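This report concerns only the one structure given below.
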Amino acid sequence: MSYEVFEVKPMTARIGAEVFGIDLSRPLSNRQTVELKDAIAEHAVLFFRDQHLDHESHKAFGRLFGELAIHSSVAGLDDHPEIVAIHADANSKFVAGENWHSDLTCDAEPPMGSILYLHTVPEYGGDTLFSSMYAAYDALSPRMQAYLDGLTAVHDADHVYRPLFPDVDRRYPCSTHPVVRTHPVTGKKSLFVNASYTTRITEVSKEESDAILNYLYQHCMNPNFQVRFRWKPHSVAFWDNRCTQHLATWDYFPQTRSGFRVTVAGDKPF
Ligand code: SIN
Numbered sequence: 293m294s295y296e297v298f299e300v301k302p303m304t305a306r307i308g309a310e311v312f313g314i315d316l317s318r319p320l321s322n323r324q325t326v327e328l329k330d331a332i333a334e335h336a337v338l339f340f341r342d343q344h345l346d347h348e349s350h351k352a353f354g355r356l357f358g359e360l361a362i363h364s365s366v367a368g369l370d371d372h373p374e375i376v377a378i379h380a381d382a383n384s385k386f387v388a389g390e391n392w393h394s395d396l397t398c399d400a401e402p403p404m405g406s407i408l409y410l411h412t413v414p415e416y417g418g419d420t421l422f423s424s425m426y427a428a429y430d431a432l433s434p435r436m437q438a439y440l441d442g443l444t445a446v447h448d449a450d451h452v453y454r455p456l457f458p459d460v461d462r463r464y465p466c467s468t469h470p471v472v473r474t475h476p477v478t479g480k481k482s483l484f485v486n487a488s489y490t491t492r493i494t495e496v497s498k499e500e501s502d503a504i505l506n507y508l509y510q511h512c513m514n515p516n517f518q519v520r521f522r523w524k525p526h527s528v529a530f531w532d533n534r535c536t537q538h539l540a541t542w543d544y545f546p547q548t549r550s551g552f553r554v555t556v557a558g559d560k561p562f
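Residue numbers for the sequence shown follow our numbering, so the first one is 293 and each next one is one higher.
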């Protein structure tokens, strides 16, 4: 695909591209928006350098791709409930997203995508890894693809968030989705189970479900499906949550890594 209003440099053949020549803090033209939608459809994760986003411009950028979602389990900022702080420092006991996951697949309509802006990054470490779930699906044998097509799986937030926020009265979301989903824009199939939220394939025994899910989680970790992003201050990552998983490394303790995330609402997987 060719782009006229900015430059797009792929980082791998399967996933990830850097975008040059665009200022996300300013209102974007229709043409820029159309090309960004083409670029995210083509590369699944886009990276931008030297951006200076305040909360309003961050939200305005997200709204180009859909309504903003309020996180179903983590509180947003007081004045900007659509924005979640992503922060780790010498006092942190955990960081968000340390295990492979797609965001909030526990929701009935999981997010379309997320936009993470980091203003402060450690001198070393703190990369984010992204994995293409198109590549993961495509690399399965035709027999395994046929086995998985039509199966559904439970995605539960309880075991993820209750230990972090032990609020006995709270109910966390739990939803059932197809194990293989079809992307509403590209029409391509991707694997839609992840080690953080998915607990059970519905149509088979617990033993069979555990074995298949463990195999798929290992399969998804293949480095050939991945791109690894080295953050600099004021970088932005925008990922399509419908066809990717990601993992935040925490290899920089006790340094500080800090920024904000906006999430774009999605639709019911099919
Ligand atoms: C997340 O899972 O959204 C956090 C990603 C990161 O901090 O790199």
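Virtual Cβ for every residue (Gly too), placed ideally from N, Cα, C.
Just so you know, these numbers come straight off a predicted model, no measurement behind them.
The DSSP-derived three-state label of residue 466 is strand. Summarising the contact set, residues whose Cβ lies nearer than 7 Å to any heavy atom of ligand 1 are, in chain order, 378, 387, 388, 389, 393, 395, 406, 408, 420, 538, 540 and 553. Under the DSSP definition of a beta bridge, residue 375 partners with 554.
In the displayed model, residue 541 falls within coil according to three-state DSSP, outside both helix and strand.
Residue pairing by DSSP puts residue 536 in a beta bridge opposite 424. When the alpha-carbon of residue 328 is set against those of 529, 536, 386 and 462, the nearest one is in 529.
Apart from the 5 residues on each side of it in sequence, residue 372 sits with its Cβ closer than 6 Å to the Cβ of 347 in its chain, given in chain order. Boundaries cannot be given for residue 416, as no alpha helix (DSSP H) includes it and DSSP labels it neither H nor E. Rounded to the nearest angstrom, the Cβ distance from residue 551 to residue 325 is 23 Å, too far for a contact under 8 Å.
Put simply, the stretch 422–438 touches the stretch 480–499. At least three CB pairs are less than 8 Å apart.
Residue 353 carries a helical assignment under DSSP once its states are collapsed to helix, strand and coil. Put simply, of 322, 350, 330 and 296 the residue whose alpha carbon is nearest the alpha carbon of residue 316 is 350. The secondary-structure analysis by DSSP pairs residue 308 with nothing; it has no beta-bridge partner. Excluding sequence positions up to five before and after residue 539, its CB lies within less than 6 Å of the CB of 392 and 421, all in the same chain and listed in chain order.
Exclusion of the five residues before and after residue 295 leaves 327, 330 and 331 as the residues of its chain whose Cβ lies within less than 8 Å of its Cβ.
Residue pairing by DSSP places residue 409 opposite 528 and 552 in a beta bridge.
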